[in-house]
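The structure appears right after this line, and notes come after that.
Numbering (UniProt numbering), first residue to last: 1 to 294.
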């Protein structure tokens with residue numbers, strides 16, 4: 001029993017001695033590795049500040065600027081970590097880390113396909129100029145003001161003050177209607193008048209009415225008036241004119257104003273806006289049978 005204890009103590013002493021010798025031999029490399037790692041940490045902070053300073057001159061969203069700055073910081077730290085492992089001559093450990101990172105990356109990529117797709121789409125949306133904070137957009141059957149774009153979704157505030165979160169992937173893959181990209185919007189309004197109406201008079205009256213109610217329409221000639229068809233009960237026409245607007249809500253308000261003004265002008269001039277009418281023709285000898293009460 002004493003012999004086994006003595007052998008174990010001797011073996012442990014040899015191992016400790018070899019470790020201390022190895023530590024002493026590699027002490028310069030360890031000190032150099034620590035210095036390199038400290039320098040890398042300082043460099044990562046410096047590159048983060050530098051990245052923020054450069055990105056502040058761009059039109060990227062704040063969340064995307066933060067993401068890019070963090071990615072650059074992580075890349076600098078990873079590069080420094082690999083350099084430290086190389087200085088310590090831990091090539092086997094480095095290979096193990098790289099192999100493990102590859103397998104883990106594959107597993108994470110398969111498990112988080114949807115989340116990664118939204119993240120990638122969010123990064124792409126931060127670069128394009130077709131959508132930004134404050135824009136009034138229509139996408140995936142939802143319409144409202146863009147108030148946030150993060151790595152998961154685009155947040156829009158609808159006209160009823162409700163928030164809608166649309167996944168970035170859906171926004172990127174589907175059409176986007178942006179009402180804020182131009183300073184003007186065209187109002188298109190359809191109506192109809194009776195067959196007995198004076199069509200030239202109707203045209204002139206409608207154009208003058210629109211011009212008198214909208215500051216952006218300087219004169220009646222700027223209103224596009226088109227008769228479109230002979231309908232079942234009316235002769236239909238369409239008018240088009242421009243207004244200063246960056247949202248569809250303003251277009252709807254302009255339509256309301258135009259409809260009220262046109263209806264009033266028609267009433268003042270005895271112009272009829274007919275509704276569908278059905279006329280029944282009966283043969284001359286047709287007789288109605290009046291039911292008798294029993």
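Glycine included, C-beta positions come from ideal geometry on N, C-alpha and C.
Exercise. What do you reckon, are the CB atoms on residue 239 and residue 225 nearer than 8 Å?
Worked result: yes
Problem set entry | contact_flag[the segment 250–259, the segment 137–154] where n(CB pairs < 8 Å) is 3 or more | no
For this session: Would you list the one or two residues that DSSP bridges to residue 192?
Result: 236
Problem set entry | Own chain partners of residue 138 with C-beta closer than 6 Å, once the 5 adjacent residues on each side are dropped | 177
For this session: Determine the direct distance from the alpha carbon of residue 210 to that of residue 237, and round the result to whole angstroms.
Result: 14 Å
Problem set entry | Neighbourhood of residue 220 by C-beta distance below 8 Å, restricted to the same chain and skipping five residues each side | 204, 207, 208, 210, 211
For this session: Measure the alpha-carbon distance for residue 198 versus residue 284 and round it to whole angstroms.
Result: 34 Å
Exercise. How close, in whole Å, do the beta carbons of residue 32 and residue 87 come, if the pair is a contact with beta carbons under 8 Å?
Worked result: 6 Å
Exercise. Looking only at its own chain, which residues have a Cβ that is under 7 Å from the Cβ of residue 169, when we skip the five neighbours before and after it?
Worked result: Correct list, in chain order: 117, 118, 121.
Exercise. Does DSSP put residue 214 in a helix, a strand or coil?
Worked result: coil
Problem set entry | DSSP-derived helix/strand/coil call for residue 39 | helix
Problem set entry | Rounded C-alpha distance that separates residue 276 from residue 232 | 7 Å
Problem set entry | CA-to-CA distance, residue 193 to residue 202, given in whole angstroms | Computed Cα separation, rounded: 8 Å.
Problem set entry | Per DSSP, the bridge partner or partners of residue 139 | 142, 176
Problem set entry | Coil, strand or helix - residue 28 by DSSP | Helix.
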